[in-house]
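A.B. asks: Chains as they are written, first to last, in the numbering used here: chain D, 1 to 260; chain R, 1 to 260. We treat Cβ as the ideally placed atom computed from N, Cα and C, and that holds for glycine. So that we are looking at the same thing, I have put the structure below in C-alpha cells.
The following block contains the structure:
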C-alpha cells in the first residue's frame, strides 16, 4: 500500500515499536503487543511505521534505539525491565542516550511501599527495577507497580501484555497526535489477479487513500479483502463505493468487512 | 538473555526476518509467520537474531534489505509478491541489489500452465507475479504456483502463511545450518524478584547457556518460567538440574515446561 498523503492541516505523527526479547525471536512467544500498541496509537493519531524485534543483547538495543529515535517522532519499547539478569533494557537505553543510570528515588519509594504492603522482601534484585536513566520521567504501573520510563521521545514499557497495557494508558496523555487513519474493508469472492489492473487504476485516482489488497482462503472459498485507509472519511467513503462497484463489475457481491 | 557462546566446532548461523506489509503494522493482522520461520530454521541450525516489520514503501524495503543482508547470513522476507499494485517487494529487492527485473521465463511457464489448467485468465496483473530480479533463482510454490525467489542470501516468500510454509520447505535444502539451539523450560510458583540474585549467579557459571526468566500470571497464581537455551544437551541438562534445585531452595516445586 503506498504511503497515503495527508491533508496539510494534519501532520503525520510516526512511531516505531521495539519488541525486546529472545522469547519472541525464538518463536517461543507469539507477540500480541505490537497489534495492541498500533491500534491504540492510531486512535490518538500516531502511526506505527516500523517495528523491530531484537534480542536481549546490549549492543543491539543501543544501536536500534539510536537509529529509530532519530527517524520517528516516538519510540515504544516492550520487554526487559524486570528484576533478573536478562533484563537489560533500562541500562541499554541509558547507554544509547549517553546518560548515567541509578536508583530513582520515586521508583524506590513506590516499590518499597508495594513490598511492605504485600509482605514481600525488597531484595537487591527487585531494587534493580528502580534503575532509571538520569533525566527520565516515570511511567506509572498501577498493576504491578514497577514503573516504566520516558527519556526523550523513547517510552520504555514492560513486556507482559497486561502491564504494558496499563503503562500505555499512563503515558498516552503525553503524546501529541496528528492525523488519525480510518480504515474500511470490503471483501468479495474474486481473485486478486482478476481485479488487479482496475484496482491499480483506482489507487492512482485516489493517491491520498492507501488501498491494500489481501487474498483470503477459507477452505475451498477464496477471495480478496480490500483495505482502504486514509484520514478523510468522505474520500474514504467514495473510494469504498467505487471499489464495491469495481468488484460487482467482476460478478462478485462485495460485503463490508472481512469474510466470515 | 545473553548471547550464548557456541562450541568452536559449530558456528552460529544467523538470520533476519523482514515482514513486509502495512496490514501487520496497522494491527489489522497478527503475524504468525515469524514464530513459524524461527522454529523451522532453528531445527536446521539457523538462528533468527532480528526481525523487522516494515511498510509497503519501496525506499523502506530497499534500505532494510541492504542493511540486514550485510549483517546476517540469511534474510527471509514475507509479503508483497502478489499481483496487485501494493505488491512491490520483488521490484524493491531488485533495486536493493542494483539489478534489472523482468518476467522470468520459467515463472511465466509455471503460471501459464496453472491458469490453463484452472481456466483462469493469465492477465497482465498475474504476469506481474513472474517478475523476478536478474540472477535470482526461483523458490517453488506447490500450493498456489506463483514462485518466490532467492537472490544472494535473501529469500523472498509470500505473506499468506500456508504459501509461505510450502516455500520455506522448498528452499530449506539450500541452507547451510550450524549449531542447533535446544531449549528446556522449568516453571515454578515463585516471583522473579526472589530468585533473581541466585539466577544471575547460575547464569554467570554457565555463560554458554542463555537463561531467560519470564514471569507468568494465571488469575491469582503467578510464577516464573525459566527458559534455558544452548547447543550442548549435556550442559543444558546440568543447568536444568541446578535451576530446579534453585527453585526448590525457595520452597517452590519446579515443573518441566510451561505452567498449565
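Using a C-beta cutoff of 8 Å, does residue 85 of chain D count as contacting chain A?
C.D. replies: You won't find chain A in this structure, because its protein chains are D and R.
A.B. asks: Can you tell me whether residue 73 of chain R is buried or exposed? The criterion is at least 16 other CB atoms within 10 Å of its CB, across all chains shown.
C.D. replies: So residue 73 of chain R counts as buried.
A.B. asks: So for residue 35 of chain D, helix, strand or coil by DSSP?
C.D. replies: Note: residue 35 of chain D maps to helix in three-state DSSP.
A.B. asks: Give a yes or no on whether the minimum CB-CB distance between residue 177 of chain D and chain R is below 8 Å.
C.D. replies: No, its Cβ sits nowhere closer than 8 Å to a Cβ of chain R.
A.B. asks: Checking 8 Å against the spacing of the C-beta atoms, do residue 159 of chain D and residue 78 of chain D come in under that value?
C.D. replies: Their beta carbons are under 8 Å apart, which means residue 159 of chain D touches residue 78 of chain D by this criterion.
A.B. asks: So with CB distances below 8 Å, who are the chain R contacts of residue 123 of chain D?
C.D. replies: The contacting residues are 193, 194, 196 and 197.
A.B. asks: Could you check if residue 221 of chain D is buried or exposed, using at least 16 other CB atoms within 10 Å of its CB as the buried criterion?
C.D. replies: So residue 221 of chain D counts as exposed.
A.B. asks: What's the C-alpha gap between residue 176 of chain D and residue 75 of chain R?
C.D. replies: The alpha-carbon atoms of residue 176 of chain D and residue 75 of chain R are separated by roughly 36 Å.
A.B. asks: In the DSSP assignment, find the unbroken beta strand (DSSP E) run with residue 215 of chain R in it and report its ends.
C.D. replies: Counting along the chain, the beta strand (DSSP E) containing residue 215 of chain R begins and ends at 210 to 218.
A.B. asks: Anything in chain R within Cβ reach of residue 43 of chain D, meaning under 7 Å, just list it in chain order.
C.D. replies: Here the premise fails: no neighbours, minimum Cβ distance about 10 Å.
A.B. asks: Can you give me the Cβ contacts of residue 154 of chain R inside the same chain, cut-off strictly under 6 Å, excluding the 5 residues immediately before and after it?
C.D. replies: The answer, listed in chain order, is 69 and 75.
A.B. asks: Count Cβ pairs between the stretch 187 to 202 of chain R and the stretch 34 to 46 of chain D that sit closer than 8 Å; are there 3 or more?
C.D. replies: The stretch 187 to 202 of chain R vs the stretch 34 to 46 of chain D: no contact.
A.B. asks: Check whether the stretch 49 to 64 of chain R touches the stretch 87 to 94 of chain R, taking contact to mean three or more Cβ pairs, one atom from each stretch, closer than 8 Å.
C.D. replies: Enough Cβ pairs lie closer than 8 Å, so yes.
A.B. asks: Give the residues of chain D in contact with residue 50 of chain R, contact being defined as C-beta atoms less than 8 Å apart.
C.D. replies: Those are 25, 52, 53, 54, 55 and 60, listed as they occur along chain D.
A.B. asks: Rounded to the nearest angstrom, what separates residue 109 of chain D and residue 141 of chain D at their Cα positions?
C.D. replies: For residue 109 of chain D and residue 141 of chain D, the distance between alpha carbons rounds to 13 Å.
A.B. asks: Let me check one thing: in DSSP terms, what residues is residue 155 of chain R bridge-paired to?
C.D. replies: Answer is R:76 and R:150.
A.B. asks: Using only alpha-carbon positions, find the residue among R:55, R:218 and R:46 that is nearest to residue 25 of chain D.
C.D. replies: Minimum Cα distance to residue 25 of chain D is reached at R:46.
A.B. asks: Buried or exposed: which applies to residue 50 of chain R, given that a residue is buried once 16 or more other Cβ atoms fall within 10 Å of its Cβ?
C.D. replies: So residue 50 of chain R counts as buried.
A.B. asks: Provide the residue span of the beta strand (DSSP E) that contains residue 188 of chain R, from first to last.
C.D. replies: Residue 188 of chain R -> beta strand (DSSP E) spans 182 to 188.
A.B. asks: Three or more C-beta pairs closer than 8 Å, one from the stretch 221 to 237 of chain D and one from the stretch 179 to 188 of chain D: is that the case here?
C.D. replies: The stretch 221 to 237 of chain D vs the stretch 179 to 188 of chain D: in contact.
A.B. asks: For the alpha helix (DSSP H) that contains residue 240 of chain R, what are its first and last residues?
C.D. replies: Taken as a continuous stretch (DSSP letters only), the alpha helix (DSSP H) holding residue 240 of chain R covers 233 to 248.
A.B. asks: Is there a Cβ of chain D sitting closer than 8 Å to that of residue 110 of chain R, yes or no?
C.D. replies: By this cut-off, residue 110 of chain R is not an interface position.
A.B. asks: Going along the stretch 159 to 171 of chain D in order, which residues come within less than 8 Å of chain R, judged by CB to CB distance?
C.D. replies: Here the close residues are 160 and 162.
A.B. asks: Which value, in whole angstroms, describes the spacing of the CA atoms of residue 104 of chain R and residue 131 of chain R?
C.D. replies: Looking at the two C-alpha atoms, the distance is approximately 6 Å.
A.B. asks: Give me the subset of the stretch 225 to 259 of chain R whose CB atoms are less than 8 Å from a CB atom of chain D, sorted by chain position.
C.D. replies: Of all residues in the stretch 225 to 259 of chain R, 227 and 229 have a Cβ within less than 8 Å of some Cβ in chain D.
A.B. asks: Kindly indicate the opening and closing residues of the beta strand (DSSP E) around residue 103 of chain R.
C.D. replies: Where residue 103 of chain R is concerned, the enclosing beta strand (DSSP E) stretches over 101 to 103.
A.B. asks: What whole-angstrom Cβ distance do residue 150 of chain D and residue 137 of chain D have, given they're in contact under 8 Å?
C.D. replies: Their Cβ separation, rounded to whole angstroms, is 5 Å, which keeps residue 150 of chain D and residue 137 of chain D in contact under 8 Å.
A.B. asks: Nearest CA to the CA of residue 98 of chain D: which residue from D:165, D:259 and D:133?
C.D. replies: The residue with the shortest Cα to Cα distance from residue 98 of chain D is D:133.
A.B. asks: Could you spell out where the alpha helix (DSSP H) holding residue 195 of chain R opens and where it closes?
C.D. replies: Per DSSP, residue 195 of chain R belongs to the alpha helix (DSSP H) from 192 to 205.
A.B. asks: Could you name the residues of chain R that residue 69 of chain D contacts, counting a contact when the two beta carbons are closer than 9 Å?
C.D. replies: Going along chain R, no residue has its Cβ under 9 Å from residue 69 of chain D, so there is no contact; the nearest lies around 16 Å.
A.B. asks: For the beta strand (DSSP E) that contains residue 14 of chain D, what are its first and last residues?
C.D. replies: 13 to 20 is the span of the beta strand (DSSP E), which, as asked, contains residue 14 of chain D.
A.B. asks: For chain D, is any of its Cβ atoms less than 8 Å away from the one on residue 100 of chain R?
C.D. replies: Residue 100 of chain R does not count as touching chain D.
A.B. asks: Apart from the five residues just before and just after residue 250 of chain D, which ones in its own chain have a Cβ nearer than 7 Å to its Cβ?
C.D. replies: Within the same chain, residue 250 of chain D has close Cβ partners 190, 194 and 195.
A.B. asks: In or out: residue 148 of chain R buried (at least 16 other Cβ within 10 Å) or exposed?
C.D. replies: Buried, because 16 or more other Cβ atoms sit within 10 Å of the Cβ of residue 148 of chain R.
A.B. asks: Using CA atoms only, rank isn't needed, just tell me which of D:20, D:253, D:32 and D:43 is closest to residue 156 of chain D.
C.D. replies: The shortest C-alpha separation from residue 156 of chain D is found at D:20.
A.B. asks: Return helix, strand or coil for residue 260 of chain D, following the three-state DSSP convention.
C.D. replies: Coil, per DSSP.
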